[in-house]
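Inspection log for the structure reproduced underneath, given as structure tokens.
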Amino acid sequence: MSDKVRVLVVDDEPQMLRTLRINLNARGFDVTTVAAGSDALAAAARTNPHVIVLDLGLPDIDGFTVLAGLRGWTNVPVIVLSARTDASDKVQALDAGADDYVTKPFGMEEFLARLRAAVRRGSTVADGGDPVIETSEFTVDLRAKKVTRAGTDVHLTPTEWGILELLARHQGNLVSQSDILTHVWGPSYRTQTNYLRVYLAGLRRKLEADPTHPRHLLTEAGMGYRLVL
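Going by full-length UniProt numbering, the letters in the sequence shown line up with residues 1 to 229, in that order.
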């Protein structure tokens, strides 16, 4: 890499930090490691990383608090790396603004694939001629990569934006689950549909007047999703 991708790793396990630092450095990433939540927020501001790898169980403040602090000022992709396997923890992390959730122990190649996908999502730039999509509840500006509701900017994570952008570009048409997964996460994830319901529910909470009865972000059971005006 001529311009190295900056990765911030936050974990209180010395062996995990060492393993990730060695493997990421070997693949050309610029790696910063910290072992505490308070250090993570300072390091994120100092290094401006392209992606953050965040453990939930930290010694001072937990990962959810760190995630909330990050989402107050940055859209950088965040991959949660945790030994917690409960579905509720995964849903809570994704709802709080995480872009992916990797459970320990994990395979290094799969983790690296997820890391690369997160970097791609965070660095996608819309083309200059992109339209503005207006619904009765919200507006999607594809050129500015911005969503507004009632004149106020709506904060979306890179993953949420990736999903909404794809639906907006195919406004009115059905977009299959596999197409969304391939576009947002990469080809190796086209059959993994477990996250899509969580992300669509999150988008509806942010954008729909009644998230339980959406008017614009619609589900076609077993097939995919569509954005209608």
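Heads up, the beta-carbon is just placed ideally off N, CA and C, and yes, glycines get one too.
Keep in mind the model is a prediction, meaning the values are calculated, not measured.
Outcome for residue i when other beta-carbon atoms lying within 10 angstroms are tallied against a minimum of 16
{"i": "Val125", "result": "Note that Val125 has pLDDT 39, beneath the 50 cutoff, so the model's placement of it is unreliable and no number is given."}
{"i": "Ala144", "result": "exposed"}
{"i": "Gly122", "result": "buried"}
{"i": "Thr85", "result": "exposed"}
Reference residue i, options the options, closest by Cα
{"i": "Leu81", "options": "Ile22, Leu164 and Asp55", "result": "Asp55"}
{"i": "Val175", "options": "Val78, Gly107 and Ile163", "result": "Ile163"}
{"i": "Phe29", "options": "Met16, Glu165 and Leu8", "result": "Leu8"}
{"i": "Leu200", "options": "Asn173, Gln192, Thr159 and Ser188", "result": "Thr159"}
{"i": "Ala53", "options": "Arg215, Thr135, Asn173 and Tyr101", "result": "Residue identity differs from the one stated: residue 53 is Val in this sequence, not Ala. Per the Cα distances, Tyr101."}
{"i": "Phe106", "options": "Met16, Ala40 and Trp161", "result": "Met16"}
Local conformation of residue i per DSSP, three classes
{"i": "Ser136", "result": "coil"}
{"i": "Asp179", "result": "helix"}
{"i": "Val198", "result": "helix"}
{"i": "Val184", "result": "helix"}
{"i": "Arg205", "result": "helix"}
{"i": "Arg121", "result": "helix"}
{"i": "Leu167", "result": "helix"}
{"i": "Gly172", "result": "coil"}
{"i": "Gly222", "result": "coil"}
{"i": "Thr157", "result": "coil"}
{"i": "Ser2", "result": "Residue placement at Ser2 is flagged as unreliable, the pLDDT there being 43, under the threshold of 50; a coordinate-derived value is accordingly withheld."}
Alpha helix (DSSP H) runs contained entirely in the UniProt domain "Response regulatory" (6-119), provided each spans 4 or more residues | Unbroken alpha helix (DSSP H) runs of no fewer than 4 residues, entirely contained in the UniProt domain "Response regulatory" (6-119), are found at 14-26, 37-47, 63-71 and 87-95, following chain order.
Is the stretch 151-165 in contact with the stretch 32-39, if contact means three or more CB pairs nearer than 8 Å?
-> No, because fewer than three Cβ pairs between the stretch 151-165 and the stretch 32-39 fall closer than 8 Å, the two stretches do not touch.
Per the contact definition of three or more C-beta pairs closer than 8 Å, is the stretch 82-96 in contact with the stretch 113-123?
-> No: the two stretches stay apart, fewer than three of their Cβ pairs being nearer than 8 Å.
Between the stretch 218-225 and the stretch 173-193, do three or more beta carbon pairs fall short of 8 Å?
-> Yes, the stretch 218-225 touches the stretch 173-193.
Report yes or no: do three or more beta-carbon pairs, one from the stretch 192-209 and one from the stretch 131-144, lie closer than 8 Å?
-> With a cut-off of 8 Å, the stretch 131-144 and the stretch 192-209 count as touching, because enough Cβ pairs lie within range.
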